[in-house]
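Peer 1: Residue numbers (this note's numbering): 54 to 343.
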């Protein structure tokens, strides 16, 4: 079941989720898209799938690409599991990867049919349950985890400046102001095949996951993002984050999804944050209605 935007939803296992996308203050068209899928039949044991896609490709192209990515991933993950999946031959990470590849093919096919060559989209997607999340990422949309006051970026950007940061040629601060910061090196729809970065991260009670397009970062500072996520419900947090980005000029489309893991707080307190759990595993290689 797909979930309506900017309403707090609570899943059967207690996850609280919401999503919102906005055109911003400068762009004439919203080429971002977001989606939430509850209890995907194609991913055994997964509670919720959250997706953000940021389209590229000029007039109409980016909007079509991001919507196609969301629709295709959701369709693929609502299929009845095949015999291999029921037998556990394919992992949920591999199923997630195949859904991303199907979206890539769908975008390329549509580009040919509608004369929209060159369109593409980023995607960051999370398949979450109370104890862990599978994260798929292509491009520079991001997934973060907030744990005990520490906001951690879980995904690696596929962008020119991010590669230069990883090689030591630029600092993070320099990258944020770089004139080529929006040049991405991997996207859906551009090449015949694409590999998403797939990782499995452990979740703890009270963790908050946030997925966003680059219209939110670096427009809204980390400290403001952290405070908003800690203070508000998922739907209210989505609204506040979009408002803050627009108040800072809203230079791009803004999309955000928030997933809150139930706290299970019994008043006994919790240990100090561990930014990356020992059980985190990394394997390197976007509007819906009720």
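No residue lacks a Cβ here, since even glycine has one placed at the ideal position from N, Cα and C.
1) Whose C-beta lies closer than 6 Å to the C-beta of residue 286 among residues of the same chain, with five residues either side of it excluded?
2) Taking just the CA atoms, how far does residue 86 sit from residue 300?
3) What residue range does the beta strand (DSSP E) around residue 226 cover?
4) Can you tell me whether DSSP reads residue 257 as helix, strand or coil?
5) Give the C-beta separation of residue 148 and residue 253 to the nearest angstrom, bearing in mind that I take them to be a contact with Cβ-Cβ under 8 Å.
6) If you count every other CB in all the chains shown that lies within 10 Å of the CB of residue 205, and 16 or more means buried, which is it?
7) Out of 90, 316, 242, which has the shortest C-alpha to C-alpha gap to residue 258?
8) For the candidate residues 298, 177, 250, whose alpha-carbon lies nearest to that of residue 108?
9) Nearest to residue 103 by CA position, among 58, 111, 184, 200, is which residue?
10) Report yes if the C-beta distance between residue 84 and residue 115 is below 7 Å; otherwise report no.
11) By Cβ distance below 6 Å, which residues in the same chain neighbour residue 160 in space, the five residues on each side in sequence not counted?
12) Give the straight-line distance between the Cα atoms of residue 278 and residue 95, rounded to the nearest whole angstrom.
13) Pick helix, strand or coil for residue 365, following the three-state DSSP scheme.
14) Just the Cα atoms here: how many angstroms apart are residue 154 and residue 93?
15) By Cβ distance below 6 Å, which residues in the same chain neighbour residue 67 in space, the five residues on each side in sequence not counted?
16) Between which two residues does the alpha helix (DSSP H) carrying residue 284 extend?
Peer 2: Inspection of the coordinates gives the following:
1) In the chain shown, the residue the question calls residue 286 occupies position 233. The answer, listed in chain order, is 61.
2) Taking the first residue of the chain shown as 1, we reach residue 300 at position 247. Taking the first residue of the chain shown as 1, we reach residue 86 at position 33. Rounded to the nearest angstrom, the two C-alpha atoms are 21 Å apart.
3) The residue given as residue 226 occupies position 173 in the chain shown. Residue 226 -> not in any beta strand (DSSP E); alpha helix (DSSP H) instead, spanning 225–229.
4) By 1-based counting over the chain shown, the position of residue 257 is 204. Residue state, collapsed to three classes: coil.
5) On the chain shown, residue 148 is found 95 positions in, with the first residue counted as 1. On the chain shown, residue 253 is found 200 positions in, with the first residue counted as 1. In fact, because the Cβ distance is near 13 Å, the residues do not count as touching under 8 Å.
6) Against the chain shown, residue 205 aligns to sequence position 152. By the neighbour-count rule (16 or more Cβ atoms within 10 Å), residue 205 is not buried but exposed.
7) Stepping through the chain shown from its first residue, residue 258 is reached at position 205. Closest option to residue 258, Cα to Cα, is 316.
8) Here the question's residue 108 lines up with position 55 in the chain shown. Cα-wise, what sits closest to residue 108 is 177.
9) Start at 1 with the first residue of the chain shown, and residue 103 comes out as number 50. The shortest Cα separation from residue 103 among 58, 111, 184, 200 belongs to 58.
10) Sequence index remark: in the chain shown, residue 84 carries index 31 (1-based). Sequence index remark: in the chain shown, residue 115 carries index 62 (1-based). Taking 7 Å as the Cβ cut-off, residue 84 and residue 115 qualify as a contacting pair.
11) By 1-based counting over the chain shown, the position of residue 160 is 107. 118, 121, 241, 242.
12) The count along the chain shown starts at 1 and reaches residue 278 at position 225. The count along the chain shown starts at 1 and reaches residue 95 at position 42. So the alpha carbons of these two residues sit roughly 32 Å apart.
13) No statement about residue 365 is possible, as the shown extent of the chain runs from 54 to 343 and does not include it.
14) On the chain shown, position 101 is the one that residue 154 refers to. On the chain shown, position 40 is the one that residue 93 refers to. Cα-Cα distance, rounded: 18 Å.
15) Here residue 67 refers to the residue found at position 14 of the chain shown. Counting only Cβ-Cβ distances below 6 Å, and skipping sequence neighbours, we find 315.
16) Residue mapping note: residue 284 aligns to position 231 of the chain shown, counting from 1. First-last of the alpha helix (DSSP H) with residue 284: 275–284.
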